[in-house]
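First up is the structure itself, then whatever we jot down about it.
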Amino acid sequence: MSDFRLKVKAYCEKHEMVSSGDKVLIGVSGGPDSLALLHFFRENRPDLKVEAVHVDHGLRGSSAADAAYVKAYCKLHQIPFHLLLADVKGRMEQTGEGVQEAARKVRYAYFEELMEETGADVVMIGQHADDQVETILFRLMRGTSMRGAAGIMPVRPFAEGKMVRPFLSVTKSEIEQYCEQHDLEPRRDPTNESDAYTRNRLRRHVIPLLKKENPLLHEAFERFSEELGEDNAWLEQEAVKALEDVCVTKSSERFHLSVEKFRTYGLPLQRRMIHLILNYLYAKVPTSLSSAHTRAILDLLKQAHPSGDLHLPESLTVTRSYQDGYFHFQRKTDDAAYSYLIDKEQLIELPDRHMLDVQAGEIVPDKPYYDLYYVSESFMPLTVRSRRDGDKIRLPDGKGSKKIKDVFIEKKVPLSQRNRHPIVTAADGSVLWIPGLRKAPSDGKPAAYTLIYY
Ligand SMILES: Nc1ncnc2c1ncn2[C@@H]1O[C@H](COP(=O)(O)OP(=O)(O)OP(=O)(O)O)[C@@H](O)[C@H]1O
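With the working numbering applied, the sequence shown covers 233 to 686.
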């Protein structure tokens with residue numbers, strides 16, 4: 233038995249990827265990885281019912297030819313074939329997703345649909361050991377959670393069945409050799425050779441350097457991924473149990489937990505409990521929700537002061553209550569109060585059709601705006617929120633501070649607008665800026681962000 237075959241066989245067995253008699257849908261782009269995958273399972277596992285799936289994303293000039301190629305290959309080898317002509321550009325326009333993400337979502341939705349339609353047990357795709365190294369490096373570089381750092385999972389639940397990646401056990405060059413040995417003539421995607429994408433630059437320039445240092449780099453990454461994946465799975469199970477223990481009441485609108493019990497758990501479980509609660513309360517977690525929100529929630533739970541609150545996207549409020557010792561996550565529907573955390577470039581919609589555009593560094597906007605504010609790193613993360621009782625803003629030259637209520641009166645802001653007018657505060661809660669009305673004195677350090685109020 234060839235080395236390649238042994239490796240893939242052992243990996244499939246170790247992760248219990250397929251069982252005799254399973255119907256397996258293989259995603260075939262026509263490229264080397266997926267064509268080799270299709271060939272391998274047809275040759276070596278006659279006990280499986282293999283079918284091929286191709287999605288024509290309609291993004292490249294050659295996409296129809298790729299689809300025709302896979303179709304012809306399947307016809308020649310009598311493999312059942314499924315094709316989707318997808319409108320990826322339409323999806324990008326609708327959702328604002330990037331091209332890779334939109335293509336993947338369209339593909340996965342089709343896999344899911346087909347699984348149901350054909351009664352398939354498994355979806356199989358062609359990612360390999362070099363993709364694993366690339367994915368882990370890419371995510372670490374961009375910032376990721378422990379789950380993200382574990383990279384691509386060999387097996388994961390998918391629709392009513394599972395998605396598996398048997399070729400994570402072999403490298404790209406082993407796949408290329410396999411193609412040669414079996415006279416496969418895969419299609420080539422020219423965009424893989426371009427340096428326009430970060431992932432391609434990692435693959436083409438960074439990983440070869442790392443491989444020079446350690447030719448068995450992919451094995452080291454695979455071990456790391458496996459162990460981290462196991463640790464994560466265990467921690468997540470423990471977090472589910474811990475959450476049962478700390479939870480007082482829960483419904484789709486609210487979640488109450490005991491602060492005292494929550495604090496008896498270590499930080500890794502606390503962080504995961506917060507993620508579980510947010511996943512539970514948001515049907516779809518908003519993109520504006522970031523790890524800074526999780527940290528802010530944990531800080532509120534940790535702080536000595538027994539009460540406080542935070543406002544998360546989509547009117548979700550987190551309150552620590554002094555009276556009952558509970559921590560409440562709930563949706564506020566009746567209150568005009570709002571609060572958004574600012575810890576990255578973003579565009580925030582404010583009441584009365586105003587916008588706050590947060591841009592990195594010091595910039596000069598090209599459109600007319602009402603007011604502009606430069607803020608240094610030492611004040612981050614900021615919050616933009618509606619006013620609260622007792623809010624004050626510092627005056628220049630150490631002349632004390634002024635009540636925000638008085639600023640509103642002085643500038644003749646109508647009563648009806650005062651509860652909606654934005655107030656920008658620093659990480660320590662002090663008021664820095666009342667857009668259009670007043671600025672606290674700056675600390676004179678270089679600007680990390682420019683805030684533009686339209
Ligand atoms: N258009 C498609 N139709 C069906 N399956 C696809 C398609 N594109 C990708 N896949 C599946 O997803 C896997 C990973 O996609 P990716 O775009 O990373 O492919 P790749 O590394 O270029 O692989 P390949 O050599 O198979 O094109 C592929 O190996 C294949 O199994």
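The beta carbon of each residue, even a glycine, is placed where N, CA and C say it ideally should be.
Excluding residues up to 5 positions away in sequence, Lys-255, Val-256, Leu-257, Ile-258, Ile-311, Pro-312, Phe-313, His-314, Thr-350, Ala-352 lie with their Cβ nearer than 8 Å to the Cβ of Glu-283 in the same chain.
Taking the CA atoms as reference points, Ile-407 sits about 27 Å from Met-373. Scanning its chain for C-beta atoms nearer than 7 Å, with the 5 sequence neighbours on each side dropped, one finds around Gly-540 the residues Leu-532, Arg-552, in chain order. For Tyr-243, the closest alpha carbon among the candidates Pro-389, Arg-397, Thr-376, Gly-328 is that of Arg-397. The three-state secondary structure of Glu-577, taken from DSSP, is coil. The nearest non-hydrogen atom of ligand 1 is 7 Å or more from the C-beta of Asn-432.
Judged by DSSP secondary structure, Pro-440 falls within the alpha helix (DSSP H) whose first and last residues are 439 to 445. The bridge partners DSSP lists for Cys-479 are Leu-489. Here DSSP, grouped into helix, strand and coil, assigns Tyr-410 to helix.
Where Pro-389 is concerned, the enclosing beta strand (DSSP E) starts and stops at 387 to 390.
Around the Cβ of Ile-529, a 10 Å sphere holds 16 or more other Cβ atoms; the residue is buried. Residue ranges of uninterrupted alpha helix (DSSP H) with 4 or more members, entirely inside the region 269 to 325 and ordered along the chain, are 295 to 308. The Cβ neighbour count for Ile-641, taken over all protein chains shown within 10 Å, is under 16; the residue is labelled exposed. Each of Asp-598, Glu-594, Lys-634, His-488 was checked against the Cα of Gly-676, and the nearest Cα belongs to Glu-594. Val-285 has its Cβ nearer than 7 Å to a heavy atom of ligand 1. Inclusion of Gly-290 and Val-250 in the CB contact set at 8 Å is not warranted, their separation being larger than that value.
By the neighbour-count criterion, in which 16 or more other beta carbons inside 10 Å mark a residue as buried, Lys-473 falls on the exposed side. Looking only at Leu-467, Ala-524, Arg-274, Tyr-512, the smallest Cα-Cα distance to Arg-504 is reached by Leu-467.
Distances from the CB of Arg-339 to the heavy atoms of ligand 1 include at least one below 7 Å. Uninterrupted alpha helix (DSSP H) stretches at least 4 residues long and entirely within the region 624 to 665 occur at 636 to 642, 647 to 650, given in chain order. Contact check between the region 499 to 518 and the region 583 to 590: fewer than three CB pairs, one atom from each, fall below 8 Å, which does not count as touching. If you draw a 10 Å sphere on the C-beta of Thr-657, you find 16 or more other C-beta atoms in it, and that means buried. For Asp-603, the closest of Pro-667, Tyr-681, Arg-495 by C-alpha to C-alpha distance is Pro-667. Annotation: the continuous alpha helix (DSSP H) that includes Met-373 extends over 361 to 374. Ile-258: member of the beta strand (DSSP E) spanning 255 to 259, first to last residue.
Rounded to whole angstroms, the separation of the alpha carbons of Arg-563 and Val-478 is 20 Å. Residue pairing by DSSP places His-543 opposite Thr-549 in a beta bridge.
The region 381 to 392 and the region 354 to 364 touch, with three or more beta-carbon pairs separated by less than 8 Å. Looking at the DSSP output, Ile-506 shares a beta bridge with no other residue. Assignment of Ile-529 by DSSP, reduced to helix, strand and coil, places it in the helix class. Judged by their CB atoms, Asp-421 and Gly-263 are nearer to each other than the 8 Å cut-off. DSSP, read as helix, strand or coil, puts Met-356 in strand. Annotated three-state conformation of Leu-448 is coil, per DSSP. When distances are taken from the beta-carbon of Ile-357 to the heavy atoms of ligand 1, the shortest one is below 7 Å. Relative to ligand 1, the beta carbon of His-450 is positioned no closer than 7 Å to any heavy atom. For Ala-592, there is no enclosing alpha helix (DSSP H); the enclosing beta strand (DSSP E) covers residues 587 to 592.
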